[in-house]
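These protein sequences, in sequence, are chains A and B.
Just so you know, our numbering puts 382 at position 382 of the first sequence, and the rest follows in order with no gaps.
Just so you know, our numbering puts 652 at position 242 of the second sequence, and the rest follows in order with no gaps.
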Amino acid sequence: MNKLLLVTTALALAFAAPAMAETKVSFAYWGDPAELPPFEKIVADYEAANPDVKIEVQHAPWSGYFTRLDAQLAAGAGPDVFFITNVPTYAARGQLEPLDKWIADKGFPIDQFNPEALLIHQLDDVLYSVPRDNDTNVLYYNKAAFDEAGVAYPTADWDWAALRDAAIKLTVTDGGRITRYGLAIEKNNWSNWVRQNGGTTFDHPTRPTKFTLDEPKGLEAIQFIGDLINVDKVTPNFTELDQAGGTGQLFSSQQAAIVFANAARLGTFADADFEWAVAPLPKGPTGIRSNSLGGAGFGINPNAKDKEAAWNFFAYLAGEPGQVVFASANASAVPAQIGNAAVKAAFKAPFADVFLSEAANGKLNASFPKYVDITNLYLQPALDLVWNGEATAKDAIGGIVADVTAKLAE
Amino acid sequence: MAWLFLLPSLVLFLLFTGLPVVAALVISFTQWDLFNPPQFVGLQNYTSLFNDRIFGQVMGNTGLYVLASVPIQIVLGLLFALGLNRVIHGKTVLRIAYFLPVVTSTIAAALVWSWLFNTNFGVVNALLSAVGIAEPPKWLSSSKWAMPAVIIVSVWQNLGNGMVLFLAGLQNIRQDVYDAAALDAARGWKRLWFITLPLLSPTTFFVLIITLIGSFQVFELVFIMTNAGPANATNTLVFYIYQNGFQFYQMGYASAAAMILFAIVLFITLVQYRLQNRWVHYG
């Protein structure tokens with residue numbers, strides 16, 4: 001009997017010992033290969049500074065990230081700290097730790113972040129995540145393609161008409177097949193075009209009461225994109241763009257002369273074997289400049305086993321040390337903690353001036369709990385019809401006003 | 411004693427099939443987002459489904475898919491089986507070739523097919539323009555042509571299944587029946603119509619039921635090729651159940667839709683069983 005007790009105790013100790021020596025914090029994030037080094041560096045630096053903490057990393061590409069995260073969270077598990085977007089949706093489900101008390105208790109420098117950019121990380125005035133960066137888009141252009149087509153390089157004075165004109169000249173067709181598109185844009189950036197045209201999608205980005213995309217300015221912008229795809233045929237339709245690997249792939253393989261994309265592409269294009277440069281986004285027909293404000297952020301799981309440890313890593317990741325690493329990375333993004341001198345100084349990306357000036361034009365995209373449903377059920381299907389040239393913006397968007405209005409009122 | 415031997419599979423069936431079906435029925439009367447406790451709402455999910463415009467479209471899409479894909483699969487499967495049941499050169503190679511898509515991973519096949527269907531650089535449209543079609547369909551980016559594209563791939567993929575079953579059925583028909591028919595001067599079409607098809611009917615019945623049930627459950631092809639788009643043109647019942655359950659987290663609504671799928675499949679299968687006396691001949 002004594003022997004048995006001894007063996008059991010020894011076994012229990014053997015299993016318990018490592019767990020006592022180390023605190024484990026799991027951390028999930030998404031990103032293209034070119035975007036991963038800063039995440040890896042932050043984890044390595046943190047572990048070096050805190051030898052008793054082990055960060056367990058879960059990485060997935062964007063396309064698979066949320067399927068897994070949702071399943072984990074639904075099971076009451078999931079990573080302790082995670083990269084997140086659509087914050088109000090997750091906050092409404094109780095899957096994000098409210099941060100205000102932590103920030104107050106621990107003195108996290110939240111005042112160094114743009115307060116407007118924080119709005120999409122809140123639900124009912126409570127902060128649930130801290131943004132990593134600004135999803136500022138710029139215009140990337142292939143210099144060789146411009147030279148070949150005899151088109152002058154884009155300037156800060158470009159408007160939609162200049163863009164369209166250049167895109168037409170830059171498009172190359174070979175036997176009915178387009179071998180190079182003048183312009184490739186991303187599917188989820190249409191709302192910025194709406195703003196550049198002086199329109200809105202909802203009357204308020206985070207507390208909407210009315211769907212406003214069906215007003216003339218909004219419809220005009222949607223139709224303009226649809227016409228670039230279907231009438232001018234200078235922009236790939238989004239199904240095709242997906243199959244071709246997105247704007248990054250299309251630009252790298254010189255199958256698109258201009259792409260609108262964020263600073264993460266600086267890393268993707270760093271190895272391109274042709275000359276390229278960056279310019280501000282064109283202004284709308286009446287001279288309005290707009291860009292996306294705010295980006296994805298980091299949140300804490302309310303079910304984290306060791307919340308104190310999770311917060312400590314979170315504060316490092318979302319605060320100055322992490323921000324400096326992200327800002328100075330090759331595939332960097334306009335940092336979120338822009339009120340911090342060290343962070344601002346670390347942002348030395350190529351064309352940093354263009355990114356910073358465009359970030360100043362940032363305006364919020366719609367972000368509220370029902371937005372995911374509204375997009376999936378109504379907006380996306382209606383926009384598909386316009387992008388595929390099967391309906392005008394007026395008919396397609398006009399057809400969903402009643403549905404979206406009803407959903408907003410629910 | 412018999413029960414004892416049945417026990418292992420019975421327990422597994424009850425645990426992993428029976429229980430979830432009953433649970434889904436119960437969930438379908440609730441409003442449940444997975445994260446908060448479910449709330450009983452009676453028949454509300456069912457009444458909302460019947461007023462849901464997208465659900466109507468989804469039912470139409472599923473119906474179109476089933477009505478197009480099932481007959482084509484069965485007729486082609488039978489024709490290929492008849493062709494390959496004869497003594498022809500290289501029939502083993504051909505049988506393997508037609509069966510290969512069945513064992514190919516759906517995800518991989520769907521990905522390759524979506525490339526083939528690409529409007530700008532896809533092989534399908536390159537061939538169509540080569541034979542002089544000036545404005546070939548936009549396939550997966552057209553709400554008119556996306557469903558036909560999915561149906562084409564489903565036929566390509568499932569043809570081998572029916573074919574192999576029909577081949578087995580054909581080889582079960584006794585030679586002396588054909589010999590007797592030959593004495594009565596039944597050949598060609600007559601032989602096919604009066605001997606082969608009636609004697610093959612148990613196989614046909616089986617293939618029909620299996621193909622129908624499988625078709626109502628189409629999911630992976632849609633998920634990979636079109637993600638239910640464009641504009642919900644290829645959104646099918648199982649995809650819509652998935653979407654409501656795992657994208658919108660409306661488990662009750664998704665379960666109600668699943669119950670409707672269950673009822674449809676059950677009804678069609680029962681009707682088939684009732685009607686089989688009229689056309690299925692067992693030996």
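We put the beta carbon where it would ideally sit given N, CA and C, even for glycine.
From a predicted model like this one, the values you see are computed outputs, not experimental measurements.
Check                                                                                                              : Outcome
Member of A:L123, A:E47, A:P335 whose CA lies at the smallest distance from the CA of E91 of chain A               : First, the residue type needs correcting, since residue 91 of chain A is Ala and not Glu in the sequence shown. Nearest option by C-alpha distance: A:L123.
Cβ distance (whole Å) where I482 of chain B is taken to contact V565 of chain B below 8 Å                          : 5 Å
Contact with chain B by R177 of chain A, beta-carbon distance below 8 Å                                            : yes
Rounded separation between L492 of chain B and I620 of chain B - CA only                                           : 20 Å
Bounding residues of the alpha helix (DSSP H) (the contiguous stretch that carries E369 of chain B)                : This structure leaves residue 369 of chain B out entirely; chain B is present only between 411 and 693.
Under 7 Å by beta carbon: chain A residues contacting Q657 of chain B                                              : N376
Minimum Cβ-Cβ distance from L13 of chain A to chain B less than 8 Å                                                : Note that L13 of chain A scores a pLDDT of 49, beneath 50, so its modelled location is shaky and nothing firm can be said.
Alpha-carbon spacing of F439 of chain B relative to Q454 of chain B, whole angstroms                               : 7 Å
Proximity test, Cβ basis, 8 Å: W523 of chain B and chain A                                                         : no
Option nearest S328 of chain A by Cα separation, candidates A:F251, A:D133, A:G294                                 : A:D133
Contact the region 129-143 of chain A vs the region 329-348 of chain A: 3+ CB pairs below 8 Å                      : yes
Bridge partner(s) assigned by DSSP for G299 of chain A                                                             : A:F82
Span of the beta strand (DSSP E) around Q58 of chain A                                                             : 53-60
CB-CB length for G182 of chain A against W387 of chain A, believed under 8 Å                                       : Not confirmed; about 17 Å, so no contact.
Cβ-heavy atom distance, D157 of chain A to the ligand SAH, below 7 Å                                               : Within the structure as shown, the ligand SAH is missing, as the structure has no ligands at all.
Neighbour flag for T529 of chain B against chain A, beta carbons, 8 Å                                              : yes
Residue(s) in a DSSP beta bridge with K600 of chain B                                                              : In DSSP, K600 of chain B forms no bridge with anything.
Residue interval of the alpha helix (DSSP H) (run including R289 of chain A)                                       : Counting along the chain, R289 of chain A falls outside any alpha helix (DSSP H), and DSSP gives it neither H nor E.
Residue from B:Y663, B:Y692, B:E630, B:Y650 with nearest C-alpha to F450 of chain B                                : B:Y663
G198 of chain A: first and last residue of the uninterrupted alpha helix (DSSP H) it sits in                       : Element bounds for G198 of chain A: n/a, residue is neither H nor E.
Closest residue to L618 of chain B among B:G487, B:V431, B:V468, B:N461 (Cα-Cα distance)                           : B:G487
Three-way DSSP call (helix, strand, coil) for Y181 of chain A in this model                                        : strand
Near-chain A residues of the region 432-456 of chain B - C-beta to any C-beta below 9 Å                            : D443, L444, F445, N446
Chain A contacts made by the region 609-643 of chain B, where a contact means CB separation under 7 Å              : G639, P640, A641, N642
Amino acids of chain A, ordered along the chain, whose beta-carbon sits closer than 7 Å to that of L550 of chain B : T239
Inter-residue Cα distance where the pair is F224 of chain A and A277 of chain A                                    : 25 Å
Per DSSP, the bridge partner or partners of D133 of chain A                                                        : A:P335
8 Å Cβ cutoff met for L293 of chain A and E358 of chain A                                                          : no
Cutoff 8 Å: S458 of chain B Cβ touching any chain A Cβ                                                             : no
Interface flag, I695 of chain B vs chain A, CB-CB below 8 Å                                                        : The structure shown has nothing for residue 695 of chain B, since chain B only spans 411 to 693.
Beta-carbon neighbours of S553 of chain B, restricted to chain A and to distances below 8 Å                        : D384, L385, N388, E390
Whole-angstrom distance between V468 of chain B and K548 of chain B, CA atom to CA atom                            : 21 Å
Residue(s) in a DSSP beta bridge with A256 of chain A                                                              : A:Y181
Residue-chain proximity (P381 of chain A, chain B), Cβ-Cβ < 8 Å                                                    : yes
Exposure label - A221 of chain A; buried when at least 16 CB within 10 Å                                           : buried
Residues sharing a beta bridge with V172 of chain A, DSSP                                                          : A:R180
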